[in-house]
Amino acid sequence: MVTTDEEEKTGVICLTKPLSLDGDSEFDYRAPNLIKRVLSLFKNVRPGSDLSRLQLSPLFNLPKSHLQCFGESVYCVGNDLLGRCNKGESPQERFTAVVSWSISILRPMIFGIAPYNPILGETHHVSRGNLNVLLEQVSHHPPVTALHGTDEKENLEMIWCQHPTPQFYGTSVETEVHGKRQLKLLNHRETYEMNSPKLLIKFLPLPWVDWVGENRIQCHETGLEAELYYGSSSFFGLRGNPRTVKGKIFDSTSFELLYEIDGQWDRTVKMKDVNSGKETVIYNAKEAISGLKAPMVTDQKGVWPSESALIWGILSQAILGKDWSKAREAKKAVEEKQRELLRERESRGETWVPNHFTVTHSKEGGWDCSPIQKWVPSAPISVPL
Numbered sequence: 001m002v003t004t005d006e007e008e009k010t011g012v013i014c015l016t017k018p019l020s021l022d023g024d025s026e027f028d029y030r031a032p033n034l035i036k037r038v039l040s041l042f043k044n045v046r047p048g049s050d051l052s053r054l055q056l057s058p059l060f061n062l063p064k065s066h067l068q069c070f071g072e073s074v075y076c077v078g079n080d081l082l083g084r085c086n087k088g089e090s091p092q093e094r095f096t097a098v099v100s101w102s103i104s105i106l107r108p109m110i111f112g113i114a115p116y117n118p119i120l121g122e123t124h125h126v127s128r129g130n131l132n133v134l135l136e137q138v139s140h141h142p143p144v145t146a147l148h149g150t151d152e153k154e155n156l157e158m159i160w161c162q163h164p165t166p167q168f169y170g171t172s173v174e175t176e177v178h179g180k181r182q183l184k185l186l187n188h189r190e191t192y193e194m195n196s197p198k199l200l201i202k203f204l205p206l207p208w209v210d211w212v213g214e215n216r217i218q219c220h221e222t223g224l225e226a227e228l229y230y231g232s233s234s235f236f237g238l239r240g241n242p243r244t245v246k247g248k249i250f251d252s253t254s255f256e257l258l259y260e261i262d263g264q265w266d267r268t269v270k271m272k273d274v275n276s277g278k279e280t281v282i283y284n285a286k287e288a289i290s291g292l293k294a295p296m297v298t299d300q301k302g303v304w305p306s307e308s309a310l311i312w313g314i315l316s317q318a319i320l321g322k323d324w325s326k327a328r329e330a331k332k333a334v335e336e337k338q339r340e341l342l343r344e345r346e347s348r349g350e351t352w353v354p355n356h357f358t359v360t361h362s363k364e365g366g367w368d369c370s371p372i373q374k375w376v377p378s379a380p381i382s383v384p385l
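Using the UniProt record's numbering, read the sequence shown as starting at 1 and increasing by one per residue.
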């Protein structure tokens, strides 16, 4: 966390450790009567309702926004899974490396608390080694986040457009993450497209949160495709193996099955060659998402006013200090400033335009985005290697 002597003028930049394996957090977010508190939020909400406009008390917030959480899944990792994607000698080696990397994007969530809803135009700009990542909130209602990540040394690029839609179903909340994710290995002229599984929060009979549903990965240039299924083999959440992932990799041109995938994404995941029977561990969560370090500010003057860690800095600082009165004031101040800017734009007849992305929307295709710059510049915030 970074503060300055002129805090009132420059604000507070607050950066915390990313979500990691259970028990690996530096903060204790557990609260008494948590289920009762959570259910109280939904007493006036009907099943099937879209919760994207639900206003949360700071008691239910992580000290970071969704923008930061999305970014952390890309730039915070214990080993260079992304770099391995580019180093595979054959299309199959590169594809299995992409599958391993896609598993690392999933992070264990904490029941009962959620990140802040980003404000319009909020950005998050971080570097890890040669990888530079930039996110921008390109729509507020509905919430849509654009991500652009580039590594000029490895000659790779990521472009994401994410539109989460949480809905309440009485005893659970299910968030479907719409939008396309692309990973481009430019040296090989290969583009990998993938979607995201859903985030499921269950209140009864036992509270838990898990990623569930289908995750498809495909590369049109090679014809390779993967189908991964996330979920739990438990019975009503009472027993069994949570956080399972099962799936297959096949050649979509011939429908030949190549590999079978099985494991738990918070432990290890194995891949079995269906021809030889050989099994290989392709993902180890302890190596990938354990003991992750928080980003650090390396150039305070270079931090944009729209930076997420700055916009929410005072609120995050108050949450970490459990100063709930200050937290409520800080959150109210951010939200009121957002409403004031909206009123000013409406009075001038202006339409807000993203600074870093070109955004399109259609009823058939949903939201899509393309970055304005070819390469993301180095950031004033970086992750220690």
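No residue lacks a Cβ here, since even glycine has one placed at the ideal position from N, Cα and C. All figures in this text were calculated on a predicted structure; none of them were measured in a lab.
In the three-state reduction of the DSSP assignment, Pro-58 falls in the helix class. In this chain, the alpha helix (DSSP H) harbouring Lys-332 covers 324-348. Three or more Cβ pairs closer than 8 Å define a contact, and the stretch 122-132 meets that threshold against the stretch 149-160. In this structure, the beta-carbon distance from Pro-197 to Val-173 does not fall below 8 Å.
Secondary structure within the stretch 279-311: the alpha helix (DSSP H) runs of 4 or more consecutive residues, fully enclosed, are 285-289, 308-311 (chain order).
In the three-state DSSP reduction, Val-133 falls in the strand class (E or B).
Taking the Cβ atoms as the reference, Asn-86 lies roughly 5 Å from Leu-185, within the contact range of under 8 Å. With fewer than 16 other beta carbons inside 10 angstroms of its own, Tyr-169 counts as exposed. When beta bridges are read from the DSSP output, Ser-382 appears opposite Ser-127, Met-296. Here the stretch 110-119 does not lie against the stretch 176-185, with fewer than 3 beta-carbon pairs under 8 Å apart.
Beyond the five residues adjoining it in sequence on each side, Ile-249 comes within less than 6 Å, by CB distance, of Ala-226, Leu-258, Tyr-259 in the same chain, given in chain order.
In this structure Lys-374 is exposed. Its beta-carbon is surrounded by fewer than 16 other beta-carbon atoms within 10 angstroms. A Cβ-Cβ separation of about 6 Å places Val-269 in contact with Ile-103 under the 8 Å criterion.
The beta carbon of Leu-82 sits closer than 6 Å to those of Trp-101, all from its chain and outside the five residues before and after it, given in chain order.
Taking each of Gly-291, His-140, Ile-381, Pro-91 in turn and checking the Cα distance to Val-353, the smallest one comes out for His-140. Beta bridge pairing from DSSP links Met-194 with Arg-181, Ile-217.
Boundaries of the alpha helix (DSSP H) harbouring Ser-100: 91-104, taken from the DSSP string.
Non-local beta-carbon contacts of Ala-379 in its own chain, meaning distances under 7 Å to residues more than five positions away in sequence, involve His-125, Val-126, Ser-127, Asn-132 in chain order.
Of all alpha-carbon atoms in Val-245, Ala-318, Ala-333, Glu-344, the one lying nearest the alpha-carbon of Asn-284 is that of Val-245. The residue among Lys-301, Lys-326, Ser-362 with its C-alpha nearest the C-alpha of Ile-13 is Lys-301.
Residue Gly-71 holds the alpha-carbon nearest to the alpha-carbon of Lys-17 among Ser-370, Leu-59, Gly-71, Gly-11.
DSSP, read as helix, strand or coil, puts Phe-70 in helix. Val-99 and Pro-115 have their alpha carbons spaced roughly 27 Å apart.
Around the beta carbon of Asp-210, a 10 Å sphere encloses 16 or more other beta carbons of the protein chains shown; the residue is thus reported as buried. Comparing alpha carbon positions, the residue from Leu-183, Asn-195, Thr-171 closest to Leu-204 is Thr-171. Per the coordinates, the alpha-carbon of Arg-339 lies some 14 Å from the alpha-carbon of Glu-122. For Ile-201, the secondary structure class from DSSP, reduced to helix, strand or coil, is strand.
Cα atoms of Ser-306 and Gln-137: separation of roughly 10 Å, rounded to the nearest angstrom. Val-144 is the residue among Phe-60, Val-77, Val-144, Pro-118 whose C-alpha sits nearest the C-alpha of Gly-366. Following the DSSP letters along the chain, one finds Lys-272 in no alpha helix (DSSP H) but inside the beta strand (DSSP E) bounded by residues 268-273. Looking at the DSSP output, Cys-161 sits in a beta bridge with Ala-146. For Leu-258, the secondary structure class from DSSP, reduced to helix, strand or coil, is strand. Annotation: the continuous beta strand (DSSP E) that includes Gly-366 extends over 366-371.
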